[in-house]
Amino acid sequence: MTDEIARYLHDHIEPEPDYLYRLWRATNVETIHGRMASGHLQGRLLKMFVEMIRPKTILEVGTFSGYSAICMAEGLSDDGHLHTFEINDEMEDFARKWIGGSPVSDRITLHIGDANVLAPQLGVIFDMAFLDGDKRTYVETYENLLPIIRQGGFILADNTLWDGHVIDPVYDHDHQTQGIRRFNDHVVGDNRVEVVILPLRDGLTIIRKNDTERHED
């Protein structure tokens, strides 16, 4: 995507709320990997997905600065709730401050720790999940979380094109690229779900858990 197309897209979608713009700026100034935040285009898409799916419960794996959590919580109804997990405790103070100061803070619970272990302990069946954690273990996280996604529910997995590295042999020995490739191969062959990849930013995979499991003859 060229810079000109990116600017055109940003000019022709719902404007980025001022609070999220300030969070985006703070993320890029105060953290090392600022580009990991979802940003304007993907943030508005996440909000719209929530408004379309109408989940009551959302699970996020990988809070980072809190940008995507706030975007999804914007789309929730008043009785909806989002649980977001961040394994890097160095991000806790930053994320907690910005999530706590947002207009949707009452719809978000931030957990510090491994979602693979902690999310199933909540006793919640989720309507939707956003997977944006460690790329090396995407398959393991997917398998741990799929049982707590309701039938007909959705998993959105970020970074599934990985800057094009998924098709570049130069990155054959990169562990994160290997993890993404393994995940993409795994879900496309999983008869429990339907899957499509959107070439948005770094790749966004939409996974729907089937209402009933398909069985091959």
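Count along the sequence shown from 1, then add 61; that gives the number in the numbering used here.
Every residue gets a Cβ at the ideal spot worked out from N, C-alpha and C, and that includes glycine.
Have a look at the DSSP bridge pairing and note the partners of Glu147.
Ile173
Using the C-alpha atoms, what's the distance from Trp85 back to Thr92?
10 Å
Given a cut-off of 8 Å, decide if Ile241 and Trp223 are closer than it, judged by their beta-carbon atoms.
yes
Who are the near neighbours of Leu217 in its chain, counting only those whose CB is closer than 8 Å to its CB and skipping five residues on each side?
Leu107, Phe110, Met189, Ala190, Phe191, Leu192, Leu265, Thr266, Ile267, Ile268
Flag this pair as yes or no: are the beta carbons of Leu81 and Cys132 separated by less than 8 Å?
yes
Does the separation of the CB atoms of Ala176 and Thr202 fall below 8 Å?
yes
Can the beta-carbon of Ala87 be found closer than 8 Å to that of Gly127?
no
Three-state secondary structure (DSSP) of Asp219:
strand
In three-state DSSP terms, what is Ala98?
coil
Hey, how far is the Cα of Gly194 from the Cα of Thr221?
12 Å
For Glu151 and Glu77, what's the separation of their Cα atoms in angstroms?
27 Å
Around the Cβ of His236, are there at least 16 other Cβ atoms within 10 angstroms (buried) or fewer (exposed)?
exposed
Going by DSSP, name the residue or residues bridged to Thr118.
His142
Less than 6 Å between C-beta atoms, sequence neighbours within five positions excluded: which residues of the same chain meet that for Glu153?
Ile173
Coil, strand or helix - Ile267 by DSSP
strand
Who pairs with Val191 in a beta bridge, going by DSSP?
The question names Val, yet the displayed sequence has Phe at residue 191. For Phe191, which the question treats as bridged, DSSP gives the partners Glu121, Leu217.
Under 6 Å Cβ to Cβ from Pro181, same chain only, skipping five residues before and after it: list those, please.
Ile209
Cα-Cα separation between Leu285 and Glu75, rounded to whole angstroms:
No answer is possible for residue 285: the residues shown for the chain start at 62 and end at 278.
Report yes if the C-beta of Glu204 is less than 7 Å from at least one heavy atom of the ligand FAD; otherwise report no.
No copy of the ligand FAD occurs in the structure displayed, which carries no ligand at all.
Apart from the five residues on each side of it in sequence, which residues of its chain come closer than 8 Å, Cβ to Cβ, to Lys255?
Per the sequence presented here, residue 255 reads as Glu, with Lys not at that position. Excluding positions up to five away in sequence, the list reads Ile268, Arg269, Asn271.
Using the three-state DSSP reduction, which class does Leu183 fall into: helix, strand or coil?
helix
So for Asp278, helix, strand or coil by DSSP?
Confidence at Asp278 is low in this model, with a pLDDT of 44, below 50, so its placement is unreliable and the value that follows should be read with caution. Here Asp278 sits in coil by DSSP.
By how many angstroms is the C-alpha of Gln239 removed from the C-alpha of His226?
9 Å
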